[in-house]
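> Numbering (our numbering), first residue to last: 309 to 380. Note that CB positions come from ideal geometry on N, CA and C, so glycine has one too. Just so you know, these numbers come straight off a predicted model, no measurement behind them. Let me begin by handing over the structure; questions about it come next.
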């Protein structure tokens with residue numbers, strides 16, 4: 309089985325950290341959007357980006373867990 313270099317794990321950890329930060333910023337943005345029909349489109353766009361980012365975060369977490377399991 310191929311080993312994942314530690315450097316790759318560090319890049320994945322950095323990407324995970326940045327992605328989680330971006331997700332939080334988007335969450336604050338979504339919370340600041342007024343609940344009215346006028347802003348529905350904006351809320352949908354922010355939610356769509358959050359959904360994509362959530363999937364990416366999940367994959368990065370799986371990569372970290374896979375690395376940790378192989379080290380154990």
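If contacts are defined as beta-carbon pairs under 8 Å, then residue 355 and residue 338 qualify, I think. What distance do you get, rounded to the angstrom?
Numbered from its first residue, the chain shown carries residue 355 at position 47. Numbered from its first residue, the chain shown carries residue 338 at position 30. The pair is a contact, with the Cβ atoms about 7 Å apart (cut-off 8 Å).
> Using beta-carbon positions only, say whether residue 334 and residue 358 come within less than 9 Å of one another.
Walking along the chain shown from the start, residue 334 turns up at place 26. Walking along the chain shown from the start, residue 358 turns up at place 50. Yes, they are a contact pair.
> What residue range does the alpha helix (DSSP H) around residue 364 cover?
As a first step, residue 364 must be located in the chain shown, where it is residue number 56. It spans 348-379 - the alpha helix (DSSP H) in which residue 364 sits, taken as one unbroken run.
> How big is the Cα-Cα spacing for residue 365 and residue 347?
Locating residue 365 in the chain shown gives position 57, where the first residue counts as 1. Locating residue 347 in the chain shown gives position 39, where the first residue counts as 1. Spanning the two alpha carbons is a distance of roughly 27 Å.
> Please classify residue 368 as buried or exposed, where buried requires at least 16 neighbouring CB atoms within 10 angstroms.
For the purposes of this step, residue 368 is taken as the residue at position 60 of the chain shown. By the neighbour-count rule (16 or more Cβ atoms within 10 Å), residue 368 is buried.
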